[in-house]
Each structure stands twice: as C-alpha cells, then as structure tokens.
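In my numbering, the protein residues as written are 51 to 251.
By construction, the Cβ of each residue, glycine as well, lies at the ideal position given by its N, Cα and C atoms.
Please read these numbers as outputs of a predicted model, since none were measured by experiment.
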C-alpha cells in the first residue's frame with residue numbers, strides 16, 4: 051500500500067486549457083455552473099472581440115451570422131465601445147456632406163481646357179473629389195463592418211435590412227464619385243498637354 055496520503059488541499063490540473071479536468075477535488079461540482087452566460091452579440095468573424103483580442107477574416111473565410119428567431123436586439127443598450135463605432139460612420143457622413151458641397155461649388159467638371167488658371171482649379175476639384183470618395187468608402191466599409199461585427203444591433207430585422215441597403219448605396223456613391231474624379235483627371239491631362247505644346251512651340 052502506498053505511503054502517500056490524500057491531501058484535500060490539492061487541485062487536479064490538466065495541461066489542456068479550459069478542459070473539465072481543471073477542477074477542485076474538494077468540490078467537483080464547482081466546475082459545472084448551472085447558470086449559462088448570455089450568448090455573445092459579436093458576429094462569427096469577431097468571436098475574439100469580447101476578450102479584447104483582434105479578429106480577422108483569415109484566408110477570406112467570412113462566416114455569415116445566424117439571426118435568432120425570434121429576433122432580439124443585442125447589445126441593448128449599446129456599451130461605449132459599440133456606440134463609438136456607431137458614431138464613427140456617422141462622423142464620416144458629415145465629412146462626406148461637406149466634401150460634396152465644396153465639390154459642387156467648385157464645379158471642376160465645367161472648367162474649360164483653355165480657361166485661365168484651369169489647372170489649379172482642376173487640381174483643387176480633384177482633391178475635393180478624393181475627399182468625397184474617401185468619406186463614402188469609409189462609410190460603406192464602416193456600415194458593412196458594423197453589421198458583420200454586431201449582427202443583431204438593430205431594433206428589428208427590417209432595420210437591419212435597411213442598414214445593409216444604405217451600405218450598398220454608399221458604394222454606389224463611391225462609384226459615381228470615382229468616375230467624376232476620372233473626368234477631372236482627364237481634363238487635367240488635356241490642360242497639361244496644351245501647356246506642353248505651347249511651351250514647345
């Protein structure tokens with residue numbers, strides 16, 4: 051018979067982190083808590099976010115979230131971190147509106163190739179178009195990312211669908227702005243060619 055006595059203060063520890071083998075032998079039932087934590091409100095591509103760890107779309111394996119039935123808004127209310135991400139794309143919308151207004155006032159598309167100071171005006175217009183494009187791209191990405199990260203952060207399914215449609219609308223706006231910027235750049239090239247020809251004459 052072994053001389054080793056049983057020590058009630060010892061703990062059995064497994065080298066498998068988080069397994070059921072890690073328990074206190076004095077009260078083994080403590081490893082099986084009856085109360086289950088609430089499910090995470092993060093989307094499947096952001097399962098580590100709740101622990102403060104980074105998440106990524108590894109190898110492009112983007113998993114679509116399963117929407118609960120019946121639908122329940124979560125988180126409710128928004129914690130500060132979620133609220134900050136929500137207001138981030140709202141801020142970009144303000145920047146987009148300002149850039150769009152400035153671009154409309156500059157009217158670079160209407161600048162003629164032979165007008166005085168055409169190139170500086172076109173260059174200013176190109177920058178405004180770029181500002182508008184960056185803002186719309188940021189909004190589309192932020193809205194889409196918010197939906198993937200917090201798939202149930204809306205009042206109901208209809209509100210979620212509206213959010214997704216608005217994100218696509220911003221992508222369409224980006225496409226239109228990009229075309230406008232290409233038109234401006236084409237005019238800039240024309241002006242530079244005219245200036246070069248005049249210099250060579």
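- Scanning its chain for C-beta atoms nearer than 6 Å, with the 5 sequence neighbours on each side dropped, one finds around residue 217 the residues 190, 193, 194, in chain order.
- Contact fails between the segment 152–164 and the segment 124–133, because fewer than three Cβ pairs, one in each stretch, are under 8 Å apart.
- Comparing C-alpha distances from residue 196 to each of 131, 224, 246, 119 shows the shortest one belongs to 131.
- The distance from the Cβ of residue 149 to that of residue 172 is about 16 Å, inconsistent with a contact at the 8 Å cut-off.
- If you check the CB distance, residue 121 and residue 181 do not come in under 9 Å.
- Ranked by Cα distance from residue 133, the first of 153, 237, 203, 115 is 203.
- Residue 237 is classed as buried because its beta carbon has at least 16 other beta carbons within 10 Å across all chains shown.
- Rounded to the nearest whole angstrom, the CA to CA distance from residue 188 to residue 138 is 9 Å.
- If you ignore the 5 residues before and after residue 135, its C-beta comes within less than 7 Å of the C-beta of 196, all in its own chain and listed in chain order.
- In the DSSP assignment, residue 173 falls within the unbroken alpha helix (DSSP H) covering 168–199.
- Per DSSP, residue 202 is not a residue of any alpha helix (DSSP H), being assigned neither H nor E.
- Less than 9 Å divides the Cβ of residue 241 from the Cβ of residue 169.
- Residue burial is scored here from C-beta neighbours: residue 210 has at least 16 other C-beta atoms within 10 angstroms and is therefore classed as buried.
- The beta carbon of residue 223 is closer than 7 Å to those of 186 in its chain, skipping five residues each way along the sequence.
- If you check the CB distance, residue 183 and residue 235 do not come in under 9 Å.
- Under the three-state reduction of DSSP, residue 161 is assigned to coil, being neither helix nor strand.
- Between the C-alpha atoms of residue 157 and residue 167 there is a straight-line separation of about 14 Å.
- In terms of Cβ geometry, residue 165 and residue 231 do not form a close pair [threshold 9 Å].
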